[in-house]
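Student: My structure is below; once you've seen it, I'll send some questions.
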């Protein structure tokens, strides 16, 4: 306990260096801007920031990306509440009570509740990250190859089972990502796989080009196909934040507690993430809140619950990323990519070997929460002005960022072709409603999964039952089966209910 | 009705054909085989079998069992599924309301990569940005010219002077233009 606090204090000390502090401030501002702009998603923003970081040390780099991630969960609230434009899918629940409260003539109060919720969610997420990292890492030290394989598979399955939309489409996306990771020279036998004699493929497919192409250029192409239909908004009106009183805040302690737990849990479970957390927290308030009948009419609970939950997921995501090396969301997949680009492999050893870096990241989360709230209170007005920019102009620059980002990694035009290919793939994914995150996760975690699988097979004489007979890996495999079964059962039940409702309607009509 | 079903299964049928071809390819990986070894094909084979199974399932389901887009059949059965991603059977229609514009955008992007080494980063980028905005239905010529030139200059300055990335200079007369621009920005 004291050791953790001591390390955290050292982390705050390291954070005071010019490089780390500058990374924090830039990350907060860019994260806010990205979240405010409807054409840019949070993950896209984190991806596009990567090319500027190749020359940076790993600590300020992760501080920058984490600050972007945290402030990105808050920035979109402004456009949702004031202009009915959700910057991110996670901001959609804020439309129901946040925008309604604003429309009822209390926009400053709505922004005040959002700020308070983001502050609380952020502090909870930072505390939970610090508290959970060491137990997670200690537990992970007991892992052998079968356990690693099971855990990686759990991370991948979570992305499939708990993401929004079709499970089968997510599985297809994951398979494509895992296959992309097999292109090139096989790490165990040295065999050339799926390169078909094309030199561009012999070196393998860089996950960076998959991420940047599919998330960045793919989204730009999809928006171009829609004719850049988003109308520029005049964000220059009166924007003020009015903080609630302590007595008012205390009334919502149950909502705060529920949403905090939901947020942290959704962060830890791979694949759930901020959007799912935000919607679940709102849904729980609708079902169990004291004023559930008034939800949607512009009450503070409808703002507090989704905002706390979405911000609280960040720390939950950072724990498995740092302690196990497993990202649970698109943004943490990019952060893992940033670690790997700098030759740092997150995992249980990182807390022993790179404790200074890890606790600086944790300290930066506390500072980022305070910083984003100050930014939200004092500087949101100029930030919201970016909504005036025409979508065609911002999209042109986003496309350019994608190209320069990919080119900067290896100074290779080949990577630009990869960006174009995965841009088109990303567009087709959008068009046919295949989620992109499982493909990216598969591409990043594929080599880890294959290596741990092959190592297990070699060590245990090709006995695949080893994954089920060892206590930890066996338990995780059961969790994987449950994670896949639950959505399928839910779907069957939903279909059954829909059929019954249709039958009743037909009978009644 | 038949056309809709056909449209719905085309992506899965394409993936199925691709997966079957790649599965065939896994048997042709060259390596020094030893008895008792699984070989380099086992991992991709497992993934491809899963992909094939999923595609077959979706093709059968969409052909035989899906009559029309249900109101809400979400995996997590949460509100999130509604907002973040519409029902999986919903037609993939609105992704390209402007197919020619999209095609122009893709062509422009391919051309940008093709001419980058010849024209150099500054010229190719300024042209790309300007044409991209035009294709994207933005019509204010002054803003287009200013943002594309200033934006390209800013990218050259940041990446070559600050981040130290060696961007393509182009060939022949275009290289001379790039070198002149670099001199203008104080980059050696």
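Protein chains in written order, with the numbering used here: chain A, 8 to 516; chain B, 253 to 440.
A virtual CB, placed ideally from N, CA and C, is assigned to each residue, including glycine.
To which residues of the same chain is residue 26(A) closer than 6 Å at the C-beta, ignoring the five residues directly before and after it?
Tutor: Cβ-Cβ distances below 6 Å link residue 26(A) to 67 in the same chain, with the five nearest sequence neighbours on each side left out; the list follows chain order.
Student: Taking only runs that begin and end inside the region 384-423 of chain A, name each unbroken alpha helix (DSSP H) of 4 or more residues, in chain order.
Tutor: 387-391, 398-417
Student: Is the region 163-178 of chain A touching the region 438-457 of chain A, taking contact as three or more C-beta pairs under 8 Å?
Tutor: yes
Student: Can you give, in chain order, each stretch of the alpha helix (DSSP H) that sits fully within the region 260-342 of chain A and has at least 4 residues?
Tutor: 260-275, 280-295, 308-331
Student: Looking only at its own chain, which residues have a Cβ that is under 7 Å from the Cβ of residue 410(A), when we skip the five neighbours before and after it?
Tutor: 423, 426
Student: Name the two residues that bound the continuous alpha helix (DSSP H) containing residue 445(A).
Tutor: 444-466
Student: Give the secondary structure of residue 340(B) by DSSP, where H, G and I count as helix, E and B as strand, and everything else as coil.
Tutor: With a pLDDT of only 42 at residue 340(B), under 50, the local geometry of the prediction cannot be trusted, and no value is derived from it.
Student: Along chain A, in chain order, which residues have C-beta atoms closer than 8 Å to that of residue 283(B)?
Tutor: 193, 196, 197, 198
Student: When the Cβ atoms of the region 308-326 of chain A are set against those of the region 427-434 of chain A, are three or more pairs found closer than 8 Å?
Tutor: no
Student: Skipping 5 residues on each side, what residues in its chain have a beta carbon closer than 7 Å to that of residue 491(A)?
Tutor: 164, 168
Student: Quick one: any contact between the region 326-340 of chain A and the region 447-465 of chain A, if contact means 3 or more CB pairs under 8 Å?
Tutor: At 8 Å Cβ cutoff, the stretches touch.
Student: Does the beta carbon of residue 233(A) come closer than 8 Å to any beta carbon on chain B?
Tutor: yes
Student: When we look at the beta-carbon of residue 273(A) and count the other beta-carbons within 10 Å, is it buried (16 or more) or exposed?
Tutor: buried
Student: Who pairs with residue 192(A) in a beta bridge, going by DSSP?
Tutor: 199(A)
Student: Using a Cβ cut-off of 8 Å (strictly closer), state whether residue 422(B) contacts chain A.
Tutor: No - not a single Cβ of chain A is within 8 Å of the one on residue 422(B).
Student: How close, in whole Å, do the beta carbons of residue 311(A) and residue 267(A) come, if the pair is a contact with beta carbons under 8 Å?
Tutor: For residue 311(A) against residue 267(A), the beta-carbon gap comes to about 10 Å, at or over 8 Å, which does not count as contact.
Student: Excluding five sequence neighbours on each side, which residues of the same chain lie with their C-beta closer than 6 Å to the C-beta of residue 378(B)?
Tutor: 400, 401, 404
Student: Among the candidates 185(A), 30(A), 330(A), whose CA atom is the shortest distance from the CA of residue 145(A)?
Tutor: 330(A)
Student: What in chain A is Cβ-close to residue 412(B), meaning under 8 Å?
Tutor: Those within 8 Å of residue 412(B) in chain A number zero; the least Cβ separation is about 11 Å.
Student: Can you tell me whether residue 308(A) is buried or exposed? The criterion is at least 16 other CB atoms within 10 Å of its CB, across all chains shown.
Tutor: buried
Student: Taking a Cβ distance cut-off of 8 Å, strictly less, list which residues of the region 378-391 of chain B are near chain A, in chain order.
Tutor: 380, 381, 384, 385, 387, 388, 389, 390
Student: Whole angstroms are fine: how far does the CA of residue 19(A) sit from the CA of residue 230(A)?
Tutor: 42 Å
Student: Could you tell me the alpha carbon to alpha carbon distance between residue 328(A) and residue 282(A), rounded to whole angstroms?
Tutor: 18 Å
Student: Throw me the rounded Cβ distance for the residue 384(A) and residue 122(A) pair, which I believe falls under 8 Å.
Tutor: In this structure residue 384(A) is in contact with residue 122(A), their Cβ atoms being roughly 6 Å apart against a cut-off of 8 Å.
Student: Should the region 210-230 of chain A be regarded as contacting the region 392-406 of chain A, the criterion being three or more beta carbon pairs within less than 8 Å?
Tutor: Yes: at least three Cβ pairs fall under 8 Å.
Student: If you count every other CB in all the chains shown that lies within 10 Å of the CB of residue 333(B), and 16 or more means buried, which is it?
Tutor: Residue placement at residue 333(B) cannot be trusted, given a pLDDT of 42 that sits under 50; what the coordinates show is reported in the next sentence. Burial call: buried.
Student: To be precise: take each residue of the region 421-447 of chain A, compare its Cβ to all Cβ atoms of chain C, and keep it if any distance is under 9 Å. Which residues remain?
Tutor: No chain C is part of this structure, whose protein chains are labelled A and B.
Student: Nearest to residue 355(B) by CA position, among 295(A), 234(A), 87(A), 73(A), is which residue?
Tutor: 234(A)
Student: Does the region 67-83 of chain A come into contact with the region 104-113 of chain A, if we say contact requires no fewer than three beta-carbon pairs (one atom in each stretch) closer than 8 Å?
Tutor: no
Student: Taking C-beta pairs closer than 8 Å, name the residues in chain A that residue 407(B) reaches, listed in chain order.
Tutor: 407, 411
Student: Using a Cβ-Cβ cut-off of less than 8 Å, list which residues of the region 163-190 of chain A approach chain B; keep chain order.
Tutor: 168, 169, 170, 171, 172, 173, 174, 175, 176, 177, 178, 179, 182, 183, 185, 186, 189
Student: Taking residue 228(A) as the query, report the chain B residues whose CB atoms sit under 7 Å from its CB, ordered along the chain.
Tutor: 354, 357, 358
Student: Mind checking the region 450-474 of chain A against chain B and listing, in chain order, the residues whose C-beta falls within less than 9 Å of any C-beta there?
Tutor: Of all residues in the region 450-474 of chain A, 453, 456, 457, 460, 461, 464, 465, 468, 469 have a Cβ within less than 9 Å of some Cβ in chain B.
Student: Give the residues of chain A in contact with residue 435(B), contact being defined as C-beta atoms less than 8 Å apart.
Tutor: Within chain A, no residue comes near residue 435(B); the closest Cβ sits about 21 Å away, beyond 8 Å.
Student: Which residues mark the beginning and the end of the alpha helix (DSSP H) in which residue 13(A) is found?
Tutor: 9-22
Student: What distance in whole Å lies between the Cβ atoms of residue 406(B) and residue 382(B), which are believed to be in contact at a cut-off of 8 Å?
Tutor: Approximately 15 Å separates the beta-carbon atoms of residue 382(B) and residue 406(B); this is outside 8 Å, ruling out the contact.
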